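Each remark here refers to the structure printed beneath this line.
2 protein chains.
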Amino acid sequence: MKIGILGYGNLGRGIECAIRQNEDMELAAVFTRRNPENVKILTEGVPVYPAEELENMQGKLDVLILCGGSATDLPEQTPSYAKYFNVIDSFDTHARIPEHFDNVDAVAKESGHVALISCGWDPGMFSLNRLYANAVLPNGKDYTFWGKGVSQGHSDAIRRVEGVKDGKQYTIPVEDALAAVRNGENPELTTRQKHIRECFVVAEEGADQAKIEETIKNMPNYFADYDTTVHFISEEELKEQHSGIPHGGFVFRTGVTGWEEEHNHIIEYSLKLDSNPEFTSSVIVAYARAVYRLSQEGASGCKTVFDIAPAYLSPKSGAELRKHLL
Amino acid sequence: MKIGILGYGNLGRGIECAIRQNEDMELAAVFTRRNPENVKILTEGVPVYPAEELENMQGKLDVLILCGGSATDLPEQTPSYAKYFNVIDSFDTHARIPEHFDNVDAVAKESGHVALISCGWDPGMFSLNRLYANAVLPNGKDYTFWGKGVSQGHSDAIRRVEGVKDGKQYTIPVEDALAAVRNGENPELTTRQKHIRECFVVAEEGADQAKIEETIKNMPNYFADYDTTVHFISEEELKEQHSGIPHGGFVFRTGVTGWEEEHNHIIEYSLKLDSNPEFTSSVIVAYARAVYRLSQEGASGCKTVFDIAPAYLSPKSGAELRKHLL
Numbered sequence: 000m001k002i003g004i005l006g007y008g009n010l011g012r013g014i015e016c017a018i019r020q021n022e023d024m025e026l027a028a029v030f031t032r033r034n035p036e037n038v039k040i041l042t043e044g045v046p047v048y049p050a051e052e053l054e055n056m057q058g059k060l061d062v063l064i065l066c067g068g069s070a071t072d073l074p075e076q077t078p079s080y081a082k083y084f085n086v087i088d089s090f091d092t093h094a095r096i097p098e099h100f101d102n103v104d105a106v107a108k109e110s111g112h113v114a115l116i117s118c119g120w121d122p123g124m125f126s127l128n129r130l131y132a133n134a135v136l137p138n139g140k141d142y143t144f145w146g147k148g149v150s151q152g153h154s155d156a157i158r159r160v161e162g163v164k165d166g167k168q169y170t171i172p173v174e175d176a177l178a179a180v181r182n183g184e185n186p187e188l189t190t191r192q193k194h195i196r197e198c199f200v201v202a203e204e205g206a207d208q209a210k211i212e213e214t215i216k217n218m219p220n221y222f223a224d225y226d227t228t229v230h231f232i233s234e235e236e237l238k239e240q241h242s243g244i245p246h247g248g249f250v251f252r253t254g255v256t257g258w259e260e261e262h263n264h265i266i267e268y269s270l271k272l273d274s275n276p277e278f279t280s281s282v283i284v285a286y287a288r289a290v291y292r293l294s295q296e297g298a299s300g301c302k303t304v305f306d307i308a309p310a311y312l313s314p315k316s317g318a319e320l321r322k323h324l325l
Numbered sequence: 000m001k002i003g004i005l006g007y008g009n010l011g012r013g014i015e016c017a018i019r020q021n022e023d024m025e026l027a028a029v030f031t032r033r034n035p036e037n038v039k040i041l042t043e044g045v046p047v048y049p050a051e052e053l054e055n056m057q058g059k060l061d062v063l064i065l066c067g068g069s070a071t072d073l074p075e076q077t078p079s080y081a082k083y084f085n086v087i088d089s090f091d092t093h094a095r096i097p098e099h100f101d102n103v104d105a106v107a108k109e110s111g112h113v114a115l116i117s118c119g120w121d122p123g124m125f126s127l128n129r130l131y132a133n134a135v136l137p138n139g140k141d142y143t144f145w146g147k148g149v150s151q152g153h154s155d156a157i158r159r160v161e162g163v164k165d166g167k168q169y170t171i172p173v174e175d176a177l178a179a180v181r182n183g184e185n186p187e188l189t190t191r192q193k194h195i196r197e198c199f200v201v202a203e204e205g206a207d208q209a210k211i212e213e214t215i216k217n218m219p220n221y222f223a224d225y226d227t228t229v230h231f232i233s234e235e236e237l238k239e240q241h242s243g244i245p246h247g248g249f250v251f252r253t254g255v256t257g258w259e260e261e262h263n264h265i266i267e268y269s270l271k272l273d274s275n276p277e278f279t280s281s282v283i284v285a286y287a288r289a290v291y292r293l294s295q296e297g298a299s300g301c302k303t304v305f306d307i308a309p310a311y312l313s314p315k316s317g318a319e320l321r322k323h324l325l
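So the protein sequences, as listed, match chains A and B.
Residue 289 in numbering that gives the first Met the number 0 sits at position 290 of the first sequence; the count goes up by one each step and never skips.
Residue 235 in numbering that gives the first Met the number 0 sits at position 236 of the second sequence; the count goes up by one each step and never skips.
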């Protein structure tokens with residue numbers, strides 16, 4: 000299976016690493032909108048091309064993995080490239096998924112390619128767990144918690160505050176809320192009761208720290224609805240202690256069964272990830288195998304993780320899977 | 000969707016309860032090998048027929064759910080009835096799944112029906128989680144823990160001991176082992192280090208309790224390889240405190256990503272179930288929907304949970320799923 004990567008940031012690099020763990024895959028080329036000479040990749044002997052070169056790659060890639068952002072890149076890139084390739088993206092703006100799906104589906108159906116959108120862990124593995132658990136326990140309640148992990152959006156928001164040189168924000172589930180759900184209490188939880196936000200901020204020299212803290216804590220949408228703590232630290236400490244990109248979270252469904260709804264059940268799925276982009280990449284690469292196989296079978300159109308039978312993700316045969324994993 | 004149930008024990012009754020939670024399903028009839036007059040079901044107006052009556056039901060059931068045991072019933076029943084119906088079973092003798100699959104597949108392909116085997120939570124939801132996690136983290140380690148829950152097989156083994164009137168056995172995961180896995184320590188665990196076995200025994204009057212305890216603790220396969228505790232209690236206490244059939248467990252995969260395998264990830268799936276048979280039934284009923292749909296699409300042959308795209312399990316449309324659960 001020959002894989003192409005468009006975009007070589009954290010996600011692109013993660014895809015490159017994940018391909019190396021899968022013997023049936025090969026990284027064919029990396030494509031970039033930057034000057035290819037400035038893009039040093041890890042795999043020896045693999046070319047880096049300008050994005051425009053993709054025009055000449057038809058028939059040379061089995062799957063093209065799009066590693067752009069959801070805000071502006073993917074809404075444009077995924078439909079464009081589905082014209083020429085089987086593609087996968089990690090489009091994660093939940094509210095705009097239906098629109099994105101329709102745009103991609105029209106192109107992929109016409110061109111006869113398979114396009115998988117919104118792949119990763121949320122949307123992705125978390126969505127799968129919500130779906131399975133909802134189907135199994137129709138009479139129940141869903142809870143999703145995120146963290147502990149770095150939120151890129153919230154870290155960016157901190158960095159836009161006047162007087163802030165750099166910063167990182169951790170989203171952390173509230174332990175008592177987790178415990179109440181796990182304990183089968185079916186709590187009604189407000190935004191504030193579910194997550195806390197912890198900020199590590201490097202202030203500019205001479206900046207008014209009290210004012211920075213107040214500005215962050217009162218920022219609408221991002222922080223105002225949460226219990227937020229702000230720690231001022233040095234640039235060195237930020238680099239040493241907070242340069243990772245960990246993340247994770249929990250998906251619960253609690254539900255009842257029985258003639259009188261007398262029995263309670265709790266389904267819990269959780270992830271604890273040292274590297275958010277590398278785990279996302281690992282999910283995408285497993286699904287690249289599925290996309291390739293579906294395409295080989297003659298399928299076309301836009302898909303999500305909901306539409307793909309699990310066996311397609313594994314390099315093992317059906318017989319091997321039944322013998323060893325069932 | 001018209002569902003038939005063959006066998007009305009704990010599982011059959013669980014199926015009946017689960018059907019009631021799914022508006023697109025209807026219990027058409029219960030079939031039994033006992034005298035139908037002695038089988039009182041919960042749903043009003045639904046007939047109970049002798050099993051032989053199934054011969055006359057072709058075309059009247061969309062899916063027949065087989066609620067027999069894995070030891071002798073299902074190896075015979077599932078291939079037999081796949082000749083006439085779409086069927087689902089919960090065959091759970093892991094080692095014999097490949098053979099059972101082949102037997103069922105041959106019949107189902109020839110008759111043009113869809114047969115789903117080994118549905119439930121292990122095999123079933125646990126298997127799915129093993130497969131997804133293995134595909135996503137190819138470089139890693141699997142752990143499955145069961146419990147806290149009642150093991151029917153071990154309870155039966157206790158009851159066969161001389162001097163034992165009744166008994167229940169709980170399989171319990173060792174907390175330290177769970178913690179070590181969750182902590183990313185990738186421990187190598189022996190059988191004894193993973194689970195403990197707790198037995199509640201009602202002794203016959205005048206029986207030698209010390210001898211019973213010794214016999215249980217040294218029983219090969221069942222108890223000898225475990226730390227086992229034996230509590231002698233009264234018949235009343237057994238009935239009051241230990242008449243439920245709870246179960247559950249944990250599936251972990253720990254794995255590494257990154258160019259130098261420098262990042263660790265932990266995927267954990269767990270179930271905490273008040274009623275093992277009712278949860279198993281809920282899984283089976285969700286898959287009955289999938290079997291029916293696949294059959295409508297013209298599919299045939301034997302399937303497992305690995306072969307079925309998640310969207311087939313839900314009564315919601317693809318668009319609804321993408322909007323609300325992705």
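For every residue, glycine included, the Cβ atom is placed at its ideal position computed from N, Cα and C.
The model shown is predicted, which means the values in this text are computed figures rather than measured ones.
TODO: Taking A:Tyr225 as the reference, give the member of A:Val103, A:Leu41 and A:Ile195 with the closest Cα.
DONE: Along the first sequence, one-based indexing puts residue 225 of chain A at 226. The residue with the shortest Cα to Cα distance from A:Tyr225 is A:Ile195.
TODO: Please go through the same chain and pick out, in chain order, the residues whose beta-carbon is closer than 8 angstroms to the beta-carbon of A:Glu261, but skip the five residues on each side of it.
DONE: By one-based count along the first sequence, residue 261 of chain A stands at place 262. Cβ neighbours of A:Glu261 beyond the five flanking positions: Val255.
- [ ] Specify, as a first and last residue, the run of the beta strand (DSSP E) that A:Ser269 falls within.
- [x] What you label residue 269 of chain A is simply residue 270 of the first sequence in a count that begins at 1. Note, A:Ser269: beta strand (DSSP E), His262 to Leu272.
TODO: Mark B:Pro172 as exposed unless 16 or more other C-beta atoms lie within 10 angstroms of its C-beta, in which case mark it buried.
DONE: Here the question's residue 172 of chain B lines up with position 173 in the second sequence. When all chains shown are included, B:Pro172 counts as buried.
Task: Element boundaries [beta strand (DSSP E), containing A:Val282] - done: For the purposes of this step, residue 282 of chain A is taken as residue 283 along the first sequence, with counting starting at 1. Where A:Val282 is concerned, there is no enclosing beta strand (DSSP E), although the alpha helix (DSSP H) it sits in stretches over Asn275 to Gln295.
Task: Nonlocal neighbours in the same chain, by C-beta distance under 6 angstroms from A:Leu293, ignoring five residues either side - done: By 1-based counting over the first sequence, the position of residue 293 of chain A is 294. Excluding positions up to five away in sequence, the list reads Val113.
Task: Best match in A:Gly205, A:Ser126 and A:Lys167 for proximity to A:Cys198 [C-alpha to C-alpha] - done: Taking the first residue of the first sequence as 1, we reach residue 198 of chain A at position 199. Nearest of A:Gly205, A:Ser126 and A:Lys167 to A:Cys198, Cα basis: A:Lys167.
- [ ] Thinking A:Ser313 and B:Asn133 are a contact (beta carbons under 8 angstroms), I'd like their distance in whole angstroms, please.
- [x] Mapped onto the first sequence, residue 313 of chain A falls at position 314. Mapped onto the second sequence, residue 133 of chain B falls at position 134. About 7 angstroms separates the two Cβ atoms, so the contact holds.
TODO: Tell me where the alpha helix (DSSP H) around A:Val135 begins and ends.
DONE: As a working note, residue 135 of chain A is residue 136 in the first sequence. Met124 to Val135 is the extent of the alpha helix (DSSP H) around A:Val135.
- [ ] Answer with yes or no whether the minimum CB distance from A:Ser79 to chain B is below 8 angstroms.
- [x] Numbered from its first residue, the first sequence carries residue 79 of chain A at position 80. Taking Cβ atoms only, chain B never reaches closer than 8 angstroms to A:Ser79, which makes this a no.
Open item on the list: Between A:Lys108 and A:Ser316, how many whole angstroms is the CB-CB distance? I'm expecting something under 8 angstroms.
Closed with: If you number the first sequence from 1, residue 108 of chain A lands on position 109. If you number the first sequence from 1, residue 316 of chain A lands on position 317. Not quite, the Cβ-Cβ distance comes to about 30 angstroms (not below 8 angstroms), so this is no contact.
- [ ] Return no unless some Cβ of chain B is closer than 8 angstroms to the Cβ of A:Ala308.
- [x] Start at 1 with the first residue of the first sequence, and residue 308 of chain A comes out as number 309. Chain B contact via Cβ: present.
Task: For A:Lys167, three-class secondary structure by DSSP - done: Numbered from its first residue, the first sequence carries residue 167 of chain A at position 168. Correct three-state label for A:Lys167: strand.
Open item on the list: Quick check: the Cα distance between A:Glu36 and A:Val47, rounded to an integer number of angstroms?
Closed with: Position 37 of the first sequence holds residue 36 of chain A. Position 48 of the first sequence holds residue 47 of chain A. Their backbone Cα atoms lie some 8 angstroms apart in a straight line.
TODO: Give a yes or no on contact between the segment 181 to 188 of chain B and the segment 210 to 221 of chain B, applying the rule of three or more CB pairs nearer than 8 angstroms.
DONE: no
Task: Same chain only: Cβ atoms within 6 angstroms of A:Gly119, ignoring 5 sequence neighbours per side - done: The residue labelled residue 119 of chain A in the question sits at position 120 within the first sequence. Counting only Cβ-Cβ distances below 6 angstroms, and skipping sequence neighbours, we find Ser89, Thr279 and Val282.
- [ ] Pull up the distance between the alpha-carbon of A:Gly11 and that of A:Met56, whole angstroms please.
- [x] In the first sequence, residue 11 of chain A corresponds to position 12, counting from 1. In the first sequence, residue 56 of chain A corresponds to position 57, counting from 1. Their backbone Cα atoms lie some 18 angstroms apart in a straight line.
Open item on the list: Please identify the residue among B:Trp258, B:Leu136, B:Arg181 and B:His241 whose C-alpha is closest to the C-alpha of B:Asp165.
Closed with: Here the question's residue 165 of chain B lines up with position 166 in the second sequence. Selected option, being the one with the closest Cα: B:His241.
- [ ] Using the Cα positions of B:Gly148 and A:Asp155, report the straight-line distance between them to the nearest angstrom.
- [x] Here residue 148 of chain B refers to the residue found at position 149 when the second sequence is read from its first residue. Here residue 155 of chain A refers to the residue found at position 156 when the first sequence is read from its first residue. Taking the straight line joining both Cα atoms gives about 47 angstroms.
Task: Beta-bridge pairing of B:Pro172 - partner residues as DSSP gives them - done: Mapped onto the second sequence, residue 172 of chain B falls at position 173. B:His194, per the DSSP bridge assignment.
Open item on the list: Rounding to the nearest angstrom, what Cα-Cα distance links B:Arg252 and A:Met124 in this structure?
Closed with: To locate residue 252 of chain B, count along the second sequence from 1; it is residue 253. To locate residue 124 of chain A, count along the first sequence from 1; it is residue 125. Approximately 14 angstroms between the Cα atoms of the pair.
Open item on the list: I'd like to know whether the C-beta of A:Asp88 is nearer than 8 angstroms to at least one C-beta of chain B.
Closed with: The residue you call residue 88 of chain A lines up with position 89 of the first sequence. Not closer than 8 angstroms to any Cβ of chain B, the Cβ of A:Asp88 fails to qualify, so no.
TODO: Would you kindly report the start and end of the unbroken alpha helix (DSSP H) that includes A:Thr373?
DONE: No statement about residue 373 of chain A is possible, as the shown extent of chain A runs from 0 to 325 and does not include it.
Open item on the list: Please report the straight-line C-alpha distance between A:Thr42 and B:Tyr131, rounded to a whole angstrom.
Closed with: For the purposes of this step, residue 42 of chain A is taken as the residue at position 43 of the first sequence. For the purposes of this step, residue 131 of chain B is taken as the residue at position 132 of the second sequence. Their backbone Cα atoms lie some 26 angstroms apart in a straight line.
TODO: Might you give, ordered along the chain, the residues of its own chain that have their beta carbon closer than 6 angstroms to the beta carbon of A:Leu115, omitting 5 neighbours on each side?
DONE: As a first step, residue 115 of chain A is located in the first sequence; it is residue number 116 there, counting from the start. So the list reads Ile87, Tyr286, Val290 and Lys302, once near-sequence residues are dropped.
TODO: Could you tell me whether the Cβ of A:Met124 comes closer than 8 angstroms to any Cβ of chain B?
DONE: Translated into the one-based positions of the first sequence, residue 124 of chain A becomes position 125. Yes, A:Met124 counts as interfacial toward chain B.
- [ ] Count the other C-beta atoms from every protein chain shown that fall within 10 angstroms of the C-beta of B:Glu15, then say buried if there are 16 or more, exposed otherwise.
- [x] As a working mapping, residue 15 of chain B is identified with position 16 in the second sequence. Flag for B:Glu15 reads buried.
Task: 8 angstroms CB neighbourhood of B:Pro137 in its chain, flanking five on each side removed - done: Locating residue 137 of chain B in the second sequence gives position 138, where the first residue counts as 1. Correct list, in chain order: Gly254.
Open item on the list: Any beta carbon of chain A sitting closer than 8 angstroms to that of B:Arg321?
Closed with: Taking the first residue of the second sequence as position 1, residue 321 of chain B is located at position 322. Chain A contact via Cβ: present.
- [ ] May I ask which residues mark the beginning and end of the beta strand (DSSP E) holding A:Pro49?
- [x] Residue 49 of chain A sits at position 50 when you count from the first residue of the first sequence. Here the beta strand (DSSP E) through A:Pro49 covers Val47 to Pro49.
TODO: Go ahead and label B:Lys193 buried or exposed: buried means 16 or more other beta carbons lie within 10 angstroms of its beta carbon, across all protein chains shown.
DONE: Walking along the second sequence from the start, residue 193 of chain B turns up at place 194. So B:Lys193 ends up on the buried side.
Open item on the list: Does the CB of B:Leu26 have a neighbour CB from chain D at under 8 angstroms?
Closed with: This model lacks chain D altogether, as its protein chains are A and B.
TODO: Return the residue from the list B:Asn275, B:Lys238 and B:Leu237 that minimises the CA-CA distance to B:Gly247.
DONE: The count along the second sequence starts at 1 and reaches residue 247 of chain B at position 248. Selected option, being the one with the closest Cα: B:Asn275.
- [ ] Go to A:Asp155, then tell me how far its beta strand (DSSP E) extends in each direction, as first and last residue.
- [x] As a position in the first sequence, residue 155 of chain A is number 156, starting the count at 1. In the DSSP assignment, A:Asp155 falls outside any beta strand (DSSP E) and lies within the alpha helix (DSSP H) extending over Gln151 to Arg158.
- [ ] Verify whether the separation of the beta carbon atoms of B:Val201 and B:Ile232 is less than 8 angstroms.
- [x] By one-based count along the second sequence, residue 201 of chain B stands at place 202. By one-based count along the second sequence, residue 232 of chain B stands at place 233. Cβ atoms of B:Val201 and B:Ile232: closer than 8 angstroms.
Open item on the list: Residues in the same chain with beta-carbon distance under 6 angstroms from B:Arg32, minus the five sequence neighbours each way, listed in chain order, please.
Closed with: Within the second sequence, numbered from 1, the residue matching residue 32 of chain B stands at position 33. Once the five neighbours on either side are set aside, the close Cβ partners of B:Arg32 are Ala50.
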